[in-house]
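A.B. asks: I'd like to ask you about the structure that follows.
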Amino acid sequence: MIHRINCFVLVMVLVGSSIPSLHAADPVRVGILGLDNYQAIEYAAFFNNPKGEEVFSGLRVTAAYPVTSPDYPKSAELTAMWLEQLANQFKGQPDAPPPVEIVKSTAELFEKCDAVMIWSLDGRTHLAQATEVINAGKPLFIGRPLASSPEDAVAIFKLAHDANVPFWSCSQHRYSPGFIGMRNHDEVGNVLGCDVYGGYDPNAPEADRFIRALHSIETLYTIMGPGCVSVSCTSTPTTESFTAVWNDGRVATYRGIKDGAVKYSATVFGDKGVSTAGIYGHGVPVKGIVPTDDKYMGYGGLAIELAKFFKTGDVPVSPAETLEIYALLKASEESRAQNGAVVALPDLWPVDDQ
89 MIHRINCFVL VMVLVGSSIP SLHAADPVRV GILGLDNYQA IEYAAFFNNP
139 KGEEVFSGLR VTAAYPVTSP DYPKSAELTA MWLEQLANQF KGQPDAPPPV
189 EIVKSTAELF EKCDAVMIWS LDGRTHLAQA TEVINAGKPL FIGRPLASSP
239 EDAVAIFKLA HDANVPFWSC SQHRYSPGFI GMRNHDEVGN VLGCDVYGGY
289 DPNAPEADRF IRALHSIETL YTIMGPGCVS VSCTSTPTTE SFTAVWNDGR
339 VATYRGIKDG AVKYSATVFG DKGVSTAGIY GHGVPVKGIV PTDDKYMGYG
389 GLAIELAKFF KTGDVPVSPA ETLEIYALLK ASEESRAQNG AVVALPDLWP
439 VDDQ
């Protein structure tokens with residue numbers, strides 16, 4: 089498994105570093121596919137803000153194709169709302185960038201961009217959308233969720249691998265400073281385990297049922313790193329609880345909150361100490377005190393990683409780690425169906441060992 093993963097990551101890095109469009113003097117033109125997710129508007133603001141941080145220079149969102157999903161709740165309504173906001177994003181500023189062009193087809197979108205972000209909310213549509221992007225040879229990022237099933241997630245990575253197209257996906261929670269900063273926290277040391285908690289909607293739309301735990305499991309992997317081998321799941325009307333074991337004996341848990349107050353954070357156990365993690369969007373704790381008056385970085389951390397990706401083609405999160413998250417979610421479903429039995433994670437990566 090490890091040998092196959094490393095081969096694939098090497099291929100993706102080499103391919104990404106050889107894409108001429110991402111190294112041109114002109115700004116990298118980024119296209120958006122799907123506008124029913126508010127994050128599409130947020131990342132367009134990061135890249136197009138004339139007063140933005142230096143890391144975002146050399147990027148511009150040039151076009152968007154507002155596809156909707158007919159059976160995803162409020163997809164059309166949300167799209168109309170965010171279309172209006174996108175049109176007025178920098179209106180009235182003397183140095184405002186050109187407006188994002190709204191196009192009517194993927195073919196038109198691809199003509200006007202060098203790379204693509206898929207932000208449509210309905211993960212069931214992502215395989216078909218990603219297939220078009222990959223076939224067009226455009227470097228691709230898919231926002232949460234990558235897909236609504238493990239099978240679709242694997243298929244997208246396989247397509248990108250076979251076409252030599254740089255591609256990755258993650259939740260914005262991965263780059264929240266108070267989460268990613270816990271892996272090397274001075275007061276914690278080497279991470280020996282963590283207890284992550286966050287929301288778990290028992291009434292989620294059908295399209296989202298498989299990925300209800302995704303934000304928090306991404307947080308868990310951000311802190312622990314990859315290497316989970318088995319999981320057990322306990323499900324009650326108030327809580328969805330996972331216990332996951334790593335290949336080095338470390339243990340992590342996830343508490344999915346179905347009822348009561350919801351907060352996204354964790355407790356981290358290390359060889360130096362034990363500490364709460366930061367709250368989503370805020371920095372790492374110091375002596376157990378979580379900052380809340382610091383600069384909010386809910387989307388900012390991921391925006392920085394996206395900027396690096398679009399400029400270089402280098403993928404910051406390995407396909408193996410992303411697919412391991414989907415494997416954990418799949419194993420947790422099987423455990424739930426088996427009344428909490430320990431279930432080994434399946435090997436989702438189908439590429440041969442060459």
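Numbers 89 to 442, taken from my numbering, label the letters of the sequence shown in order.
Ideal placement from N, C-alpha and C gives every residue a C-beta, glycine not left out.
Quantities reported herein were computed from a predicted structural model and do not represent experimental measurements.
(1) Would you kindly check if the distance between the Cβ of A164 and the Cβ of S236 is under 8 Å?
(2) Decide if D240 is buried, meaning its Cβ has at least 16 other Cβ atoms within 10 Å, or exposed.
(3) Does the Cβ of A151 have 16 or more other Cβ atoms within 10 Å, making it buried, or fewer, making it exposed?
(4) Consult DSSP for A184 and reduce its assignment to one of helix, strand or coil.
(5) Throw me the rounded Cβ distance for the I244 and A218 pair, which I believe falls under 8 Å.
(6) On the three-state DSSP scale, how would you describe A332?
(7) Under 8 Å between the Cβ atoms of T355 and C282?
(8) Looking at the structure shown, is I367 part of a helix, part of a strand, or coil, going by DSSP?
(9) With G211 and P233 assumed to form a contact (beta carbons below 8 Å), what rounded beta-carbon distance in angstroms separates them?
(10) Please state whether DSSP places M270 in a helix, a strand or coil.
(11) Only counting the same chain, and skipping five residues up and downstream in sequence, which positions put a Cβ closer than 6 Å to that of F330?
(12) Taking the CB atoms as reference points, tell me whether L121 and S193 lie closer together than 8 Å.
(13) From the DSSP output, in three-state form, read off D283 for me.
(14) Tell me where the beta strand (DSSP E) around I377 begins and ends.
(15) Do you know offhand how far M385's Cα is from H249's?
(16) Do you know whose CA, among Q177, G231, G389, G287, lies nearest A349's CA?
(17) Can you grab the Cα-Cα spacing for the pair I367 / E172, in whole Å?
(18) Which class does S232 belong to by DSSP, given the choice of helix, strand or coil?
(19) Pull up the DSSP beta-bridge partners for V431, would you.
(20) Let's test the definition: count the other Cβ atoms within 10 Å of the Cβ of K383 and tell me whether it reaches 16, buried, or not, exposed.
(21) Return the Cβ separation of A432 and V317 in integer angstroms, given the expectation that the two are a contact with Cβ distance under 8 Å.
C.D. replies: The relevant details are as follows:
(1) no
(2) buried
(3) buried
(4) coil
(5) 5 Å
(6) strand
(7) yes
(8) coil
(9) 4 Å
(10) coil
(11) V319, C321, Y342, S420
(12) no
(13) strand
(14) Segment: none, I377 is in no beta strand (DSSP E) and carries neither H nor E.
(15) 32 Å
(16) G287
(17) 31 Å
(18) Checking the sequence shown, residue 232 turns out to be Arg, not Ser. Correct three-state label for R232: coil.
(19) V319
(20) exposed
(21) 6 Å
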